[in-house]
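Beneath this line is the structure, given in structure tokens, with notes to follow.
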Amino acid sequence: MSALTMRRNNVFEHAIRHSRLPLCISDPSLPDMPIVFANEAFCNLTGYSVDDILGRNCRFLQGPETTPESVQEIRDALASHEVTMVELVNYRKNGEKFINALQLGPVFDDDGKLIYFFGSQLDVTEARERERREAALRTSELVHRLRNIVNVMHVVIKISGRSETDIKAYGEKIANRLVALGQAHLDTLTDEQPKFLKIRDLAHALLLAYAPLGEQQFKFKGPDLELPHDTVTTLTLLLHELATNAVKHGSLGAVGGVVELEWAETDDEHLHLKWRERFGPTVVKPTRKSGLGIVETLITTSSGKLSFDWDPEGLVVDLMLPK
Ligand code: FNR
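Everything in the sequence shown is counted per the UniProt record's numbering, starting at 1 for the first residue and increasing by one.
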């Protein structure tokens with residue numbers, strides 16, 4: 001062996017021996033494919049000394065929670081001579097369990113003959129645990145939001161029924177309210193990360209669906225506020241009811257009629273929202289307000305305040321909602 005080759009071999013051996021990456025090498029020509037080399041990082045990860053390890057098949061790291069499927073994956077990987085990653089449960093010398101993201105691959109000599117298998121072990125226990133906690137958190141957030149929506153649907157159905165005697169109109173009213181709710185929630189529910197809706201985006205999406213003459217019929221003024229999901233539900237229904245009312249009796253049903261929507265965050269973290277209709281027909285205070293009654297109930301149960309000014313020039317609605 002030349003001096004250069006010897007130096008190169010030394011470099012490789014030193015690098016592998018002291019690498020932070022756990023690593024072991026097994027010899028497939030020996031019975032039961034024993035480990036013939038394991039570096040310091042492998043010993044640190046598993047808690048075994050080199051003497052404990054050499055000469056044994058690496059399956060000694062497996063235990064009660066190691067699944068037969070993961071072991072079969074390893075057998076298949078070794079048989080196929082493909083570089084493969086298998087995640088499986090292993091145990092340290094002290095019995096502590098860890099999740100091992102094991103990379104396996106064959107090593108061939110210059111003539112293409114299989115001489116070794118290398119294995120590199122990565123402890124991914126913490127990462128998997130974090131993912132599990134995040135998934136559990138997302139699920140409970142989803143359940144909370146679903147419960148919230150179901151509660152709202154309950155109120156919608158109950159109160160709509162009180163004021164509507166015609167079954168067809170009753171069904172239509174409920175359907176419209178549920179569609180509005182769905183619009184506001186479904187996009188965000190399917191997102192992996194809970195998304196916060198901006199008040200401007202919500203108002204724009206909802207009002208555009210109602211204003212017969214399009215965007216020219218509403219004017220927005222307010223900062224870029226993000227809405228927590230509980231608030232989205234209430235606000236969606238409020239805007240839906242106000243817009244429905246405005247199309248039927250107010251400014252959105254009139255040529256030249258507009259809705260001005262202004263919002264701000266107060267010092268005590270309330271959302272203050274003002275709805276003002278202009279250039280519509282003369283406003284007459286209605287004798288019943290079934291849809292708005294639903295929203296009023298929702299707002300008062302969430303410690304908010306809603307007031308109506310049936311100004312003949314145009315309805316003015318003032319909302320205060322805790323954020
Ligand atoms: C392995 N094997 C292995 N298994 C394990 O649970 N943890 C590990 O870190 C490793 N590392 C490892 C490295 C190398 C180089 C080889 C060749 C293999 C797999 C183990 O030794 C054995 O191949 C499998 O358990 C499947 O074979 P059996 O048990 O069905 O004979």
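No residue lacks a Cβ here, since even glycine has one placed at the ideal position from N, Cα and C.
Pull up the distance between the alpha-carbon of Leu206 and that of Pro22, whole angstroms please. Position 206 of the sequence shown, counted from the start, is the residue given in the question as residue 206. Position 22 of the sequence shown, counted from the start, is the residue given in the question as residue 22. A direct Cα-Cα distance of roughly 56 Å separates Leu206 from Pro22.
For Leu235, tell me which candidate among Phe12, Asn10, Leu292 has the shortest Cα-Cα distance. Residue numbering aside, residue 235 sits at position 235 when the sequence shown is read from its first letter. Nearest option by C-alpha distance: Leu292.
How far does the beta strand (DSSP E) with Tyr91 in it reach, from first residue to last? For this step, residue 91 is matched to residue 91 along the sequence shown. Counting along the chain, the unbroken beta strand (DSSP E) around Tyr91 starts and ends at 84–91.
Candidates Ile294, Thr84, Val258: closest to Leu213 by CA position: What you label residue 213 is simply residue 213 of the sequence shown in a count that begins at 1. Ranking the options by Cα distance to Leu213, first place goes to Val258.
Given a cut-off of 8 Å, decide if Ala175 and Gly222 are closer than it, judged by their beta-carbon atoms. Residue 222 sits at position 222 when you count from the first residue of the sequence shown. Residue 175 sits at position 175 when you count from the first residue of the sequence shown. No. Outside cutoff.
Around the Cβ of Gln216, are there at least 16 other Cβ atoms within 10 angstroms (buried) or fewer (exposed)? Taking the first residue of the sequence shown as position 1, residue 216 is located at position 216. Gln216 counts as exposed, since fewer than 16 other C-beta atoms from the protein chains shown sit within 10 angstroms of its C-beta.
Measure the CB-CB distance between Pro322 and Glu269 and report whether it falls below 8 Å. Sequence index remark: in the sequence shown, residue 322 carries index 322 (1-based). Sequence index remark: in the sequence shown, residue 269 carries index 269 (1-based). It is a contact, given that the beta carbons lie within the stated cut-off.
Considering Val107, what are the terminal residues of the beta strand (DSSP E) in which it resides? Working through the sequence shown from its first residue, we reach residue 107 at position 107. Run containing Val107: 97–108, per the beta strand (DSSP E) assignment.
Inter-residue Cα distance where the pair is Ala246 and Glu87: Stepping through the sequence shown from its first residue, residue 246 is reached at position 246. Stepping through the sequence shown from its first residue, residue 87 is reached at position 87. So the alpha carbons of these two residues sit roughly 59 Å apart.
Which first and last residues belong to the beta strand (DSSP E) in which Ser307 is found? Position 307 of the sequence shown, counting from 1, holds the residue named residue 307. First-last of the beta strand (DSSP E) with Ser307: 305–309.
According to DSSP, what are the bridge partners of Tyr116? For the purposes of this step, residue 116 is identified with residue 116 of the sequence shown, where counting begins at 1. Note: Tyr116 sits in a beta bridge opposite Val107.
For Arg147, which of helix, strand or coil comes out of DSSP? As a position in the sequence shown, residue 147 is number 147, starting the count at 1. Here Arg147 sits in helix by DSSP.
Any heavy atom of ligand 1 inside 7 Å of the beta-carbon of Val71? Stepping through the sequence shown from its first residue, residue 71 is reached at position 71. Flag set: Cβ of Val71 near ligand 1.
Cβ-heavy atom distance between Leu102 and ligand 1 below 7 Å? Walking along the sequence shown from the start, residue 102 turns up at place 102. Under cutoff, so the answer is yes.
Since I believe Ile16 is in contact with Cys24 (beta carbons under 8 Å), could you give me their beta-carbon distance rounded to a whole number of angstroms? On the sequence shown, position 24 is the one that residue 24 refers to. On the sequence shown, position 16 is the one that residue 16 refers to. Rounded, the Cβ-Cβ distance is 10 Å, inconsistent with contact.
Under the rule that 16 or more other beta-carbon atoms within 10 Å means buried, what is Asn39, buried or exposed? Within the sequence shown, the letter at position 39 stands for residue 39. So Asn39 counts as buried.
Helix, strand or coil for Pro322, going by three-state DSSP, please let me know. Within the sequence shown, numbered from 1, the residue matching residue 322 stands at position 322. Pro322 falls in the strand class under three-state DSSP.
Ligand 1 and Ile74: does the residue's C-beta get closer than 7 Å to at least one heavy atom of that ligand? In the sequence shown, the residue the question calls residue 74 occupies position 74. Ile74: yes, Cβ under 7 Å from ligand 1.
Our contact map puts Asp27 next to Tyr116 with C-beta atoms below 8 Å; I'd like the distance itself, whole angstroms only. Here the question's residue 27 lines up with position 27 in the sequence shown. Here the question's residue 116 lines up with position 116 in the sequence shown. Yes, Asp27 and Tyr116 are in contact; Cβ-Cβ is about 6 Å, under 8 Å.
Under the three-state DSSP convention, the category Glu69 falls into: Residue numbering aside, residue 69 sits at position 69 when the sequence shown is read from its first letter. Reduced to three states, the DSSP call for Glu69 is helix.
Using the C-alpha atoms, what's the distance from Trp310 back to Val283? Reading the sequence shown from its first residue, position 283 is the one you call residue 283. Reading the sequence shown from its first residue, position 310 is the one you call residue 310. Taking the straight line from one Cα to the other gives about 6 Å.
Considering only residues of the UniProt domain "PAS" (35–81), which uninterrupted beta strand (DSSP E) runs meet the minimum length of 3 residues and lie entirely inside it, listed in chain order? 35–38
Reduced DSSP secondary structure (H/G/I, E/B, other) of Phe12: For this step, residue 12 is matched to residue 12 along the sequence shown. The answer is helix: DSSP assigns Phe12 an H, G or I state.
Of the residues Leu273, Val255, Gly253, Thr300, the one placed nearest Glu262, counting alpha carbons only: Taking the sequence shown and counting its residues from 1, one reaches residue 262 at position 262. Closest by alpha carbon: Leu273.
Tell me whether Leu235, by its Cβ, gets closer than 7 Å to a heavy atom of ligand 1. The residue given as residue 235 occupies position 235 in the sequence shown. No, Cβ of Leu235 sits at least 7 Å from all heavy atoms of ligand 1.
Hey, is the segment 299–318 in contact with the segment 226–244, meaning 3+ C-beta pairs nearer than 8 Å? yes
Given this structure, state the Cα-to-Cα distance separating Glu73 from Arg138, to the nearest angstrom. The sequence position of residue 73 within the sequence shown is 73, counting from 1. The sequence position of residue 138 within the sequence shown is 138, counting from 1. Rounded to the nearest angstrom, the two C-alpha atoms are 31 Å apart.
To the nearest angstrom, report how far apart Lys158 and Gly63 are at their CA atoms. In the sequence shown, the residue the question calls residue 158 occupies position 158. In the sequence shown, the residue the question calls residue 63 occupies position 63. Their Cα atoms are separated by approximately 57 Å.
Using beta-carbon positions only, say whether Gln121 and Leu45 come within less than 8 Å of one another. Numbered from 1 along the sequence shown, position 121 holds the residue referred to as residue 121. Numbered from 1 along the sequence shown, position 45 holds the residue referred to as residue 45. Closer than 8 Å, so yes.
Is the beta carbon of Val124 sitting closer than 8 Å to the one on Ile99? By one-based count along the sequence shown, residue 124 stands at place 124. By one-based count along the sequence shown, residue 99 stands at place 99. For Val124 and Ile99, yes; Cβs fall inside 8 Å.
Rounded distance between the beta-carbons of Thr67 and Asn90, thought under 8 Å: On the sequence shown, residue 90 is found 90 positions in, with the first residue counted as 1. On the sequence shown, residue 67 is found 67 positions in, with the first residue counted as 1. About 12 Å; that fails the 8 Å criterion.
Within the present structure, is the beta-carbon of Leu178 separated from the nearest heavy atom of ligand 1 by less than 7 Å? Looking up residue 178 in the sequence shown gives position 178. Checking every heavy atom of ligand 1 against the Cβ of Leu178, none is found closer than 7 Å.
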